[in-house]
Amino acid sequence: MKEIEKAIELVKKLGAGSVKYVKLTYNPAKDTHYIKVLLLRPIEWRVLSEIVKELEKNFSVKVYAPHARAIRLDLKKR
9 MKEIEKAIEL
19 VKKLGAGSVK
29 YVKLTYNPAK
39 DTHYIKVLLL
49 RPIEWRVLSE
59 IVKELEKNFS
69 VKVYAPHARA
79 IRLDLKKR
């Protein structure tokens, strides 16, 4: 669970000026963690790619942007 907590802190730290809040949910049926990020303003692509690169060390990552002010990161343990 510490890896997930580190992932949340990483998102908060790197997106400091853009992130309003970060929410974590877990789906045991799919064994997948979902990090939902609500944005105050658009996040730079460089920052998002840095977050994904760091998370890919421990997880398989899928990125979804359901609308302009939100990003969802689907994390599945490798």
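Residues in the sequence shown are numbered from 9 upward in steps of one, following this note's numbering.
Note that CB positions come from ideal geometry on N, CA and C, so glycine has one too.
Just so you know, these numbers come straight off a predicted model, no measurement behind them.
The three-state secondary structure of Ser26, taken from DSSP, is coil. An exposed status is given to Ala24, since fewer than 16 other beta-carbon atoms sit within 10 Å of its beta-carbon. A straight-line Cα-Cα distance of about 15 angstroms links Leu81 and Leu22. Taken through DSSP and simplified to helix, strand or coil, Lys65 comes out as coil. According to the DSSP assignment, Asp39 belongs to no beta strand (DSSP E), since it is labelled neither H nor E.
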